[in-house]
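Here the structure is laid out as structure tokens; the discussion comes afterwards.
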Amino acid sequence: MSKRTKWDTKGDLDESKNLPIYQHKATLQQAVKDNSFLVVTGETGSGKTTQLPQYLHQAGFWSNGKIGITQPRRVAAITVAQRVSQEMHCSLGREVGYQVRFDDCTTQDTVVKYMTDGCLLREILADPVLSQYSVVILDEAHERSLNTDILLGLLKQTLSSPDKASKGRSVPLKVVVMSATLETDKLSVFLGGCPVFTIPGRTFPVTSKFSCAIGPKDTESSVYIKEVVKVALDVHTSEMAGDILVFLTGQSEIEKACDMLYEKAESIDYRYDVQDHKVEGLLILPLYGSMPTDQQKQIFQPPPPGIRKCVVATNIAATSLTINGIKYIVDSGFVKQLNHNSRVGMDILEVVPISKFPYLDRPEERFILEALKQLYQCDAIDRRGKVTRLGELMVEFPLPPGLTRALLQAASLGCEDLLLPVAAMLSVENIFIRPGHPEKQKEADKKHRQLGVQAGSCNDFTMLLSVFEKCKASDAPSAWCKDNYIHWRALKSAFSVETQLREILLRLQKRDFPMEKFDGNKSELFRRCLCTGYFTNVARRSVGKVFCTMDGHGSMVHIHPSSTLFDQEAQLDWVIFHDLLVTSRIYIRTVCPIRYDWVKDLLPKLHEVDVYELSSVAREEVTDEEVAKWMTKETAKRQTEGSAEAVFKKLEKRNDESSVSDARARYLQRKQERQQGKSSNISF
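Going by this note's numbering, 337 is the number at position 151 of the sequence shown; the sequence numbering is gapless.
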């Protein structure tokens, strides 16, 4: 199909004409042509995500390079690409495609490319001027994803230098930043005073009502799940026709809420219990990231006549995805976020109240220093903050630093076949299905325990490896997953991820790859490799079933009930873990028992390094001239301390090599203390 796609379906054209953005089509096309940076803001549902890329395609931007659009979530990138390919009447993967981590659905013909912000970040690190693109659109900027913030900084840095921006490009790159709600003035100033284009008006008027039944501290899921189910059923029985959208935080909550809705909806007598007698039933549909694609498509289909659709979703449906027919929204007020806790130095998955916060504030210095510390602990940088040979290898993998370090250690010892499947399994959605219905939960838990026994019940990493191998060896993997309450889609993704990781590793092993030897058994080898990457996540049993982290913060944690080691705490002493989950307690997940001897030489790295030395910032800022001025000032202070002869002796002593070094250190310390009281001056 020619890249000059024709829109020949009247229905799609008429529908797009009804969107608020359509009235500004020509003006938007011209605004992008005239400006290096452009901020576009408008309400959710105005058509920004699906229509603007098509307008730019029609204006011919594709002839100078791809039109790239970022999304903070992989499901949004895939779903929107599917929608736009339908509107442009081309096969997905041809003119319109998508790329998310470990899934590239593009070809050489692709000119409109949706992708996660992380994918574009990897591209810009390899190609700072993004020479394959004519336009880059950063969508959902108000979500403040770390990747989008860093992309903004990198793009600003590149385009602010004409020589750097034009290197390897025939025409200048255009950058559009889009958001539903945004502090546009602040962003405009950050991007050099660029224009702000506002798409006025909402598609539908909105009335908000707030419940006092739950508050921001009611993070126990049972509290707000019951309340949102009650409100959704009240809407169903007392309001006029129109579909319902319910927001919860994750898969388990959604499935539990759906089961409760099913159970209560069955008792409704539609002759007497509903206000609108046109409503004759309730179609309940879940929506979360790990759902099979064919099930996700049901969300966007209209319900049968007389049936009200109720979609129970994560916040993926809050932006990017527009579900037609929604008239009522029930929001729990909570969201599940992976937040970095600088106090404990770990990423923590926790349920938090939905909130808005300032836009485009510079990261605090302590966060930058914490990130550098983690890279040092993984041997990616040395004490002076320089990237090591191992760091050069690590950057090739789209994995967290600790997991990458463990994988490379395994490869150097010739046992990568143990770690590659585990790395793949930890890179996809949770593979274990736990239905909302109590009886099905018991059956699923029993099946998962059996899988743990088959894996040796020794640790959760081994169980992931065992599930991967058993499913791959099965003649009917889909049926095997169904029987064992395992997500087949997640396993299928893990197989693909493992293949891609293996290809990256094989490529690296062809050039000066470090090799080591180990004489222990396979189990010890596997766990020692994990220790290399996860020694920052070490905990020691304290009292009873409670463990204490050894990172210097001493957090008290519990093994998560889903672990194969749950209820075996009395037999454990030292453990490592993959991540934390915060609910009423702090839980550690994906746990492995270890010996202290395996980590005792690694643990000092948690505390021994000077993070300012890693950053190189303080070292570069303190010049010899500044130190000389400070020493002169100190000398003047002390001239009243004694005779000229005494002063001379003191100066002579102070000016030897050791004293000058000590003076420099004292000056540096005072300067750093002053800087800590001010905003950070570390930039991207």
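Positions of the beta carbon are idealized from the N, C-alpha and C atoms, including for glycine.
Note that this is a predicted model, so its numbers are computed, not measured.
Specify, as a first and last residue, the run of the alpha helix (DSSP H) that residue i falls within.
{"i": "ALA312", "result": "303 to 312"}
{"i": "ILE554", "result": "551 to 563"}
{"i": "PRO607", "result": "602 to 611"}
{"i": "PRO472", "result": "Note, PRO472: premise wrong, no alpha helix (DSSP H); beta strand (DSSP E) at 467 to 473."}
{"i": "PHE433", "result": "Where PHE433 is concerned, there is no enclosing alpha helix (DSSP H), although the beta strand (DSSP E) it sits in stretches over 429 to 433."}
{"i": "CYS444", "result": "437 to 451"}
{"i": "VAL639", "result": "624 to 640"}
{"i": "VAL382", "result": "No alpha helix (DSSP H) contains VAL382, which is instead part of the beta strand (DSSP E) from 382 to 385."}
{"i": "GLU329", "result": "No alpha helix (DSSP H) holds GLU329; DSSP gives it neither H nor E."}
{"i": "ASP220", "result": "211 to 220"}
If you follow the beta strand (DSSP E) that residue i is in, where does it begin and where does it stop?
{"i": "THR256", "result": "252 to 257"}
{"i": "TYR284", "result": "282 to 286"}
{"i": "SER320", "result": "319 to 324"}
{"i": "SER598", "result": "SER598 -> not in any beta strand (DSSP E); alpha helix (DSSP H) instead, spanning 587 to 598."}
{"i": "ALA499", "result": "493 to 499"}
{"i": "LEU224", "result": "223 to 228"}
{"i": "CYS276", "result": "It is not in any beta strand (DSSP E) - CYS276 carries neither H nor E in the DSSP assignment."}
{"i": "ASP517", "result": "512 to 517"}
{"i": "MET364", "result": "360 to 365"}
{"i": "ASP371", "result": "Element bounds for ASP371: not the beta strand (DSSP E) but the alpha helix (DSSP H), 370 to 376."}
{"i": "ASP896", "result": "The structure shown does not extend to residue 896, since the chain spans only 187 to 870, so no value can be given for it."}
By Cβ distance, which residues of its chain are closer than 7 Å to residue i, with the 5 residues on each side in sequence left out?
{"i": "ASN204", "result": "none"}
{"i": "PHE598", "result": "The sequence as given places Ser at residue 598; Phe does not occur at that position. Excluding positions up to five away in sequence, the list reads PRO700, MET701 and GLU702."}
{"i": "MET736", "result": "VAL724, ALA725, ARG726 and LEU789"}
{"i": "ILE512", "result": "ASP429 and LEU431"}
{"i": "TYR319", "result": "GLY251, LYS252, GLY254 and LEU359"}
{"i": "GLY571", "result": "LEU558, LEU800, SER801 and SER802"}
{"i": "GLU806", "result": "Because the pLDDT at GLU806 is just 43, under 50, the model does not fix this residue reliably, and the point stays unresolved."}
{"i": "LEU758", "result": "ARG727, LEU751 and PRO779"}
Taking the CB atoms as reference points, tell me whether residue i and residue j lie closer together than 9 Å.
{"i": "TRP784", "j": "ARG713", "result": "yes"}
{"i": "VAL761", "j": "LEU535", "result": "no"}
{"i": "ALA499", "j": "LEU593", "result": "no"}
{"i": "VAL225", "j": "PRO358", "result": "no"}
{"i": "PHE223", "j": "GLY378", "result": "yes"}
{"i": "GLN237", "j": "TYR284", "result": "no"}
{"i": "ILE690", "j": "GLU578", "result": "no"}
{"i": "SER356", "j": "ASN250", "result": "yes"}
{"i": "VAL270", "j": "VAL322", "result": "no"}
{"i": "GLN563", "j": "LYS299", "result": "no"}
{"i": "GLY588", "j": "MET364", "result": "no"}
{"i": "PHE433", "j": "SER317", "result": "no"}
{"i": "LEU605", "j": "CYS715", "result": "yes"}
{"i": "ALA366", "j": "THR256", "result": "no"}
{"i": "ILE470", "j": "CYS444", "result": "yes"}
For residue i, which residues from the same chain have a beta carbon less than 6 Å from its beta carbon, with the 5 sequence-adjacent residues on both sides left out?
{"i": "ASP646", "result": "SER749, THR750, THR776 and VAL777"}
{"i": "ASP371", "result": "none"}
{"i": "GLY436", "result": "LYS522"}
{"i": "SER664", "result": "TRP674"}
{"i": "VAL286", "result": "ARG260, ALA263 and THR302"}
{"i": "MET580", "result": "ALA566 and THR590"}
{"i": "GLY492", "result": "GLU466"}
{"i": "LEU650", "result": "VAL608 and MET611"}
Residues in the same chain with beta-carbon distance under 8 Å from residue i, minus the five sequence neighbours each way, listed in chain order, please.
{"i": "HIS744", "result": "LYS731, VAL732, PHE733, ARG771, ILE772, TYR773 and ILE774"}
{"i": "ALA662", "result": "none"}
Compute every distance between the C-beta of residue i and the non-hydrogen atoms of the ligand ATP, then say whether any falls below 8 Å.
{"i": "LYS483", "result": "Among the components modelled here there is no ligand, and therefore nothing to report on the ligand ATP."}
For the segment 713 to 785, list the beta strand (DSSP E) runs that are entirely contained and at least 3 residues long, ordered along the chain. 724 to 727, 732 to 735, 742 to 745, 760 to 768 and 772 to 780
Which full runs of the alpha helix (DSSP H) of 4+ residues lie inside the segment 648 to 711, going along the chain? 663 to 669 and 674 to 694
Should the segment 555 to 565 be regarded as contacting the segment 786 to 804, the criterion being three or more beta carbon pairs within less than 8 Å? yes
Check whether the segment 269 to 289 and the segment 344 to 358 touch, using three or more Cβ-Cβ pairs below 8 Å as the test. no
Is the segment 289 to 296 close to the segment 318 to 338, with three or more CB pairs under 8 Å? no
Three CB pairs or more closer than 8 Å across the segment 412 to 424 and the segment 447 to 463: yes
Counting Cβ pairs closer than 8 Å, one from the segment 598 to 614 and one from the segment 667 to 682, do we hit at least three? The segment 598 to 614, when compared against the segment 667 to 682, does touch it at the 8 Å Cβ threshold.
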